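As structure tokens, the structure follows; a few thoughts come after it.
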């Protein structure tokens, strides 16, 4: 069975940002073949350090790789726009990897956004001292695991769009992130939207859809 | 098959409060037979209005029935103690039935406790204006459905025991209360305990265990 | 236990739209009490026809009630803005009730938006003939049940924000909408966001958050 | 406890194709014993590279092993028939391993079928340019993970039998393939059938049942 | 919100059989409007007796309605073809409603097929005495609930295509049909395919896809 | 579609007790037809009072019906054997309906067994005072809902066979009986076996299998 | 925290067989300490080869260890009784490890029982040729994974007690054994009982309870 | 993306005990950075031996690490108070790691509490001989996995607060601890509260909340 890769080359024209390569379920040789076939800059997600290390050195040299977010830039990212009105918020240190995936995906598409970390509701004062900053944003990406109470609290306090990203942080009933996801979907604060568990890339794309059409 | 009811008559001696009759899965004639067999005051829970109405009028006349909480007192409740240090908190109006079950169960056992309603986190100021009151309590019973973010926020703000009661309020992923239960179990605020969904009676008993042994 | 209703009167100042009353788990007398306490116009959701009918006639006369969406306006909605850039799309006729909840929630907040119905992917030509219209929108609310393939297909074709609303339409594994929800969360098209099952109101609020901050 | 292997030697006579050996939960020595006991050609599935490597070299030399599909042929496959009218379609590169299991299972039974890869609905043009080819097929095996929207879209466009194979590609709610499976079962396109997650072998057998009885 | 129905009028040309109307989540007035808009014969499914009774008498008079299967023919079904090679098999009496939905859907499309009932594996002789008949069929639709062991046993005995339909018959872990569905998907007999729980209509469509392309 | 009922007339010869009719998912006319077709005495299960009432009066007159257990005897039960060594135990009053189904199923097959009710572990003394009786039994059928701790405690105290029947008594996480079932399956006491939730009939059959082969 | 082991030394007197040590969640040093504290022969279960290897050589020398079943005998097993009337049946080769755990547990308690392997229903003749042997048994332990159809088929053919053991063999919806467990619980054949997934030890204990009280 | 750690430095003032560092989802460098930033003594939880070993030796030297509980003290714990009235109870040896997490968390906060191990209900006498001791306690932390019957039995025998901790001990339906959790939530004994699976730390905090406010 010969393998054929059909890149969705016109995606940027249709939806405003290009196709990214989800590496988690691809073999190293498939990733290498896609990189060699690509003509324009390309974002790689879920490229774990071992897979990155296993790529041919010549290809690896062309990548801007970030292990925390497991993302790589193949080719130059878009130049940074002035202010985007997007910020990323995390409940705890453990959510930073997901936040980093969102931040890098936005950076690849020309947005350099602040990350406001460690403002989980168990210590509410940490959130309150950043509130004015959050209220000025057009889009907040809020990464939270366990009970994911943070998006609900923010949702009652700010007027901008809130894209909550449930994270798989936690154990027991929180393991895997389903409890966080359900808490977000059931939020008592109105107008919060969500994406798949740990999907920092998807949250970034949703932010781009909002920002691009203003 | 003849039916035999074996009341756990010595429970109050062993655990500090008497047996209650859970009416939800009993027939009306079973409930009536238990009432007739009981020698001492008895609390009935989950007695829905239709079952209450179907009881013989003579038995019904002996009951102090409250439809919101679906509880009945058979015989006199304990006299009210001075201050118990227990309060009940609800996220929304929809959680009041569960709160009422807890309040009535406590009243039957001699505690008249305040219910602080409608302090859900979507409007955080409603909670903050009651904070000093909450911080003085030894035990807070917190009823919340949907995302159940309220116990987590309270958990970061007060020193007393927090018994969260997930409620079945909500729809979609919140239907039945499992999302609320899991959010509470996964709470980012430490030391919150919980009971079964909608189990206002159980929360009251847990509060009694804490208070009785001081 | 006396009941106290604490309306979140300042929500519009904080988040851009006022508190709505979720009627599904409230008693008729609780709904009536809230309506009597409200000073400003208010949106009611999940007010089913039987509950509406059970309200006191004097209160009912003040409501603009729509049975399909189970929404009521208490007081005058906001005047309609010119063009909002929002549209609502449905996969099938069965999704219209959810679409109607979104449409009425937007109308209450000043947006009169088109509903593009019956464009499910089993007959792809129905979607394709509306594509240019969809591509011009800033926000698409897409209601779909069963396999919810529609948001994924639209996601690959348009640049605007896509708020998918899984609906509880279907039976077997589709019953209750969890299959639709998971399909949306797992969408192969990037940047789609979602809300709770059947949550037309939440989708409308999310659209307002996007539109209000432009 | 002595081990006894009872091969279902007459299966081909009864159902049209022979027994295959599912290796995933067998020990290497059990697999070796079965191979030594087999009199006729036999297909092995889920033989992962480590187990293959651990087989005695003499046995390994008799196998035609393919690591991508984790299948091995013990003995000669059936000669290839002219045209079978079967094709295999995949949504993405990540589904190729499952597609390969189906393709190899068909090849062992005498069918050399085309694999049409990377036609997922996020870039609909990739599917449309292959449509005429797909419409001519008697049986399409469609492997798709995540939201598995591809079988639904194909189901509205072609007249042949469609055997969808949900794959375990994805993370979060998609992890393990249950979301893909449920989306396929709930498909809005009529007459799509499915098999267990990642069951390329089962899909091939189902295609054989359809083709053999024409 | 005005309602628009967009019938998929060309479906028969594309996939070989026309669109059916799934009535379960439609209002009576929606069903009536669709019937009035339809130009050609149309199959209605999940039309429960109460909804049928609520249709305007003039419309009802035009329908051939069958309460067991909850199907109706609007307009004339296709004339019956000679032999189709399809048969329907049920494990028990309780599965007959699902079998009837399949049988009526096939009849509407020109196939009059035998129903072989009550051959569940708890009394294996009932199946064995029908075996020769079953082995001659090109397609077997097998409806079974509870443990759904019947498709597995048939799968080891016959060469034709087997479309298993899990039914929601049963209680406890069998309630709703998920146990039956999973047993079928996990079948130890190869090449069995399945559809959604209780989806007799879908099984019929799948059979049509197989038969139409011979 | 004509209906055909194929009674498994030889079951008693093969397995030691005759076929029973599970009425829950059958129509009244199907039940009536089966009763008319039956030549020998027959046990009916899950015949709820409304279905019983809807049977033709002539048929109903031939039945020995018990509403608590929802069982009916059509024809004479077997004469009672001397001592069977079987007893039925329940945790609470709410489990009595399930116990009654087991007791009646055993009675139909010639065993008149004691029911020891209300010995749940919350009042352990109630169990302890019956312990010697329980220790003499060959088979104990133990019906328990909620946490189903009773079978585990009995399992550590008696030497006979223990068939635990999880019941659907309870609410929240206990609703439907899955929590009770899982607790029984995970029992820390060795050698406890179980059947489906609320399956008193199945427990009785299992007891017959044990007793019949002594 | 000092560790204290409280062996249940009188269990054999109470229930007929001694306490076994479940090693899976114990550390090697805990297992060693228990072995050193034990005065009488003891069965160890779930002792995987790595843990066995890590035990002190002096202790290891005292054990009769079997890697397939992961069981060890510490001290002499009971002498073998004449005929026990127990047999173990497996659907496939993959179920042999679970069967072995049951066989070794029975052997430790004095019963040497036959294992009838590879009689899964996909090749029904394999079961039929052993039927007379199976019909003579007092207790059958039937290990089956995937769809677990085997116990249902046997249940309709033999009069003895049937203890089905669902195994975790399989993938996709079968992974972990829950599909097999539910199929067994929902069995259409009456009187089948079950134990936890992969619980060969528990099935053996249940067989002992049945045999010991004859 | 620069990382910022915002310790909740005032937590002890608000809730009575300081913030702990949950290490499971943090990188070694994040843990090291937090330790270096901390000014006051700090408890670390879920620090597995490999992560502990990977810390810089200089930091590691400052820690009091306990591998069984996976906890570390950074800085001096509080001096031990006289009697706390707290005890920890475990059903089996396998629950000791969770018990140890609770014991160490309490020790860090000044309470040296007894651990009463191996009193599971399968050998009830082990519990009974410790009953008087248990009845004197103000708070019992009860760690139990599998069916978690122990908290229910204790709940019927003692008057103090009972914080049950479900553990992930077990396999099959018990794997991961959900069966234990649900059994505890559904307990037939009133007033038992619970925390997340394996959450020994949370149980300790809950005990502190109860003790601190006396």
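Residue numbers (this note's numbering), protein chains in the order written: chain A, 8 to 221; chain B, 8 to 221; chain C, 8 to 221; chain D, 8 to 221; chain E, 8 to 221; chain F, 8 to 221; chain G, 8 to 221; chain H, 8 to 221. Glycine included, every Cβ here is placed at the ideal spot set by N, Cα and C. Predicted, not measured: the structure shown is a model, and the values here were computed from it.
Say the cut is 7 Å; is the CB of residue i nearer than that to a heavy atom of the ligand SAM?
i	result
residue 149 of chain F	In the structure on display, the ligand SAM does not appear, and there are no ligands present to speak of.
Tell me whether the beta-carbon of residue i lies closer than 8 Å to the beta-carbon of residue j.
i	j	result
residue 218 of chain A	residue 114 of chain A	no
residue 191 of chain F	residue 171 of chain F	yes
residue 198 of chain G	residue 162 of chain G	yes
residue 105 of chain A	residue 150 of chain A	yes
residue 55 of chain E	residue 77 of chain E	yes
residue 94 of chain C	residue 123 of chain C	yes
residue 131 of chain C	residue 165 of chain C	no
residue 159 of chain B	residue 196 of chain B	yes
residue 154 of chain F	residue 193 of chain H	yes
residue 137 of chain E	residue 125 of chain E	no
residue 207 of chain D	residue 108 of chain D	yes
residue 211 of chain G	residue 81 of chain G	no
residue 98 of chain A	residue 152 of chain A	yes
residue 62 of chain B	residue 39 of chain B	yes
residue 201 of chain C	residue 35 of chain A	no
Once the 5 residues before and after residue i are set aside, which same chain residues still bring their CB inside 7 Å of it?
i	result
residue 203 of chain D	209
residue 214 of chain H	93, 113, 146, 148, 170
Quick one: what's got a C-beta closer than 6 Å to residue i's C-beta in the same chain, skipping five residues either side?
i	result
residue 238 of chain F	For residue 238 of chain F there is no data in the structure shown, the boundaries of chain F being 8 and 221.
residue 175 of chain D	183, 184, 204, 205
residue 51 of chain D	28, 30, 79
Within its chain, find whatever has a CB closer than 8 Å to the CB of residue i; leave out the 5 residues flanking it on each side and keep chain order.
i	result
residue 83 of chain C	48
residue 75 of chain A	103, 104, 107
Q: Give a yes or no on contact between the stretch 185-204 of chain G and the stretch 106-120 of chain G, applying the rule of three or more CB pairs nearer than 8 Å.
A: The stretch 185-204 of chain G vs the stretch 106-120 of chain G: no contact.
Q) Given a limit of 7 Å on CB to CB distance, which residues of the stretch 19-34 of chain B reach chain F? A) Taking 7 Å as the Cβ-Cβ cut-off against chain F, the residues of the stretch 19-34 of chain B that qualify are 31, 32, 33.
(Q) Restricting to runs no shorter than 4 residues, where is the alpha helix (DSSP H) found entirely within the stretch 116-184 of chain C? (A) Within the stretch 116-184 of chain C, the complete alpha helix (DSSP H) runs of at least 4 residues are 131-135, 138-142, 157-162.
(Q) Which residues of the stretch 197-208 of chain H have a Cβ closer than 8 Å to any Cβ of chain A? Give them in chain order. (A) Taking 8 Å as the Cβ-Cβ cut-off against chain A, the residues of the stretch 197-208 of chain H that qualify are 203, 204, 205, 206.
Q) Going along the chain, which unbroken runs of the alpha helix (DSSP H) with 4 or more residues stay wholly within the stretch 14-93 of chain G? A) Unbroken alpha helix (DSSP H) stretches of 4 residues or longer found wholly inside the stretch 14-93 of chain G: 18-22, 35-44, 56-61, 64-67, given in chain order.
Q: Can you give me, in chain order, the residues of the stretch 160-185 of chain D that have a beta carbon less than 7 Å from any beta carbon in chain G?
A: For the stretch 160-185 of chain D, the set of positions with a beta-carbon nearer than 7 Å to some beta-carbon of chain G reads 184 in chain order.
Q | Under 7 Å (Cβ pairs) to chain D, residues found in the stretch 127-161 of chain A | A | Along the stretch 127-161 of chain A, none of the residues has a CB nearer than 7 Å to a CB of chain D.
**Q.** Contact list for the stretch 36-60 of chain D against chain G, Cβ threshold 8 Å
**A.** The stretch 36-60 of chain D vs chain G, Cβ under 8 Å: 37, 41, 53.
Q) Taking a cut of 8 Å between CB atoms, which residues from the stretch 113-128 of chain H lie near chain B? A) Taking 8 Å as the Cβ-Cβ cut-off against chain B, none of the residues of the stretch 113-128 of chain H qualify.
**Q.** Residues in the stretch 91-116 of chain H having any Cβ partner in chain G nearer than 7 Å
**A.** Listed in sequence order: 100, 101, 103, 107, 110.
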